[in-house]
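Notes to accompany the following structure.
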Amino acid sequence: MLVLYDTNTLVKILSRREGILTFKRDTVERHITNITSQHILSEVEAVLAERMKLTKQKAKAATRLLERQSVVINPKTIEKICRDPFDDYVLAAAKEGGVEYLVTEDKDLLILKGYQSVKIVNTSTFRRILDK
Numbered sequence: 116m117l118v119l120y121d122t123n124t125l126v127k128i129l130s131r132r133e134g135i136l137t138f139k140r141d142t143v144e145r146h147i148t149n150i151t152s153q154h155i156l157s158e159v160e161a162v163l164a165e166r167m168k169l170t171k172q173k174a175k176a177a178t179r180l181l182e183r184q185s186v187v188i189n190p191k192t193i194e195k196i197c198r199d200p201f202d203d204y205v206l207a208a209a210k211e212g213g214v215e216y217l218v219t220e221d222k223d224l225l226i227l228k229g230y231q232s233v234k235i236v237n238t239s240t241f242r243r244i245l246d247k
C-alpha cells in the first residue's frame, strides 16, 4: 500500500519512540511504502528543530531516517487546489506518487476527503483501516 503522511503526521510520528516503532512495523508487516517529497522532508526538519526544539543535528538525523524509509518524489506539476499553497505540494506528491491514502490532520486537506484517486483521511481513520 502506498501512503503519504503529511508534515504534521510525520512530526507526530518522529516525536515519539512509539510512533517511530509503529511506522517501522507498518512498513514491514503491513507492506506500507511511505511516499514523500523533498518539500515535505524539508518542512519536517524545520518543524522538528523550531517547534519541537530538537537540535538541528537531531532534526536532520530524524529526517534522514525517514528519508531512508521512504520513496522520495519531486512533483513536476503543482495545481492550485487549496487555500494553503503548501497543501498543493502535498496533493501533487500524493497524486504523482500514486498513493492510496494521504494521512493528515490538516483540516484544509481533510475537508477535500479525496483528490483524484487519493483518499484523504486523518490518523485515527487510517489506523482503523489498517486494523480491519
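Numbering-wise (this note's numbering), the sequence shown opens with residue 116 and increments by one.
All residues carry an ideal CB built from backbone N, CA and C; glycine is no exception.
Keep in mind it's a predicted model, so treat the numbers as computed, not measured.
CB contact flag (tyrosine 120, valine 236, <8 Å): As a working note, residue 120 is residue 5 in the sequence shown. As a working note, residue 236 is residue 121 in the sequence shown. It is not a contact, given that the beta carbons lie outside the stated cut-off.
Valine 214, enclosing beta strand (DSSP E) - first and last residue: Position 99 of the sequence shown, counted from the first residue, corresponds to residue 214. Premise fails: valine 214 is in no beta strand (DSSP E) and is neither H nor E.
Of the listed residues Thr122, Lys247 and Leu169, nearest to aspartate 203 (C-alpha basis): Stepping through the sequence shown from its first residue, residue 203 is reached at position 88. Ranking Thr122, Lys247 and Leu169 by Cα distance to aspartate 203 puts Thr122 first.
Under the three-state DSSP convention, the category isoleucine 196 falls into: By one-based count along the sequence shown, residue 196 stands at place 81. Reduced to three states, the DSSP call for isoleucine 196 is coil.
Same chain, Cβ closer than 6 Å to alanine 174, neighbours up to 5 away in sequence not counted: Reading the sequence shown from its first residue, position 59 is the one you call residue 174. Excluding sequence neighbours, alanine 174 sits near Glu160, Leu163 and Ala164.
For isoleucine 150 and isoleucine 188, believed in contact at Cβ under 8 Å, the rounded distance: Position 73 of the sequence shown holds residue 188. Position 35 of the sequence shown holds residue 150. Contact flag correct, Cβ pair sits at about 6 Å.
Asparagine 149 - DSSP class collapsed to helix/strand/coil: Start at 1 with the first residue of the sequence shown, and residue 149 comes out as number 34. Strand at asparagine 149.
Minimum C-alpha distance to glutamate 158 - residue among Thr240, Val205, Leu245 and Leu227: Counting from one through the sequence shown, the residue named residue 158 turns up at place 43. For the residues Thr240, Val205, Leu245 and Leu227, the minimum Cα distance to glutamate 158 belongs to Val205.
Isoleucine 244, enclosing alpha helix (DSSP H) - first and last residue: In the sequence shown, counting from the first residue as 1, residue 244 sits at position 129. Its alpha helix (DSSP H) spans residues 238-246.
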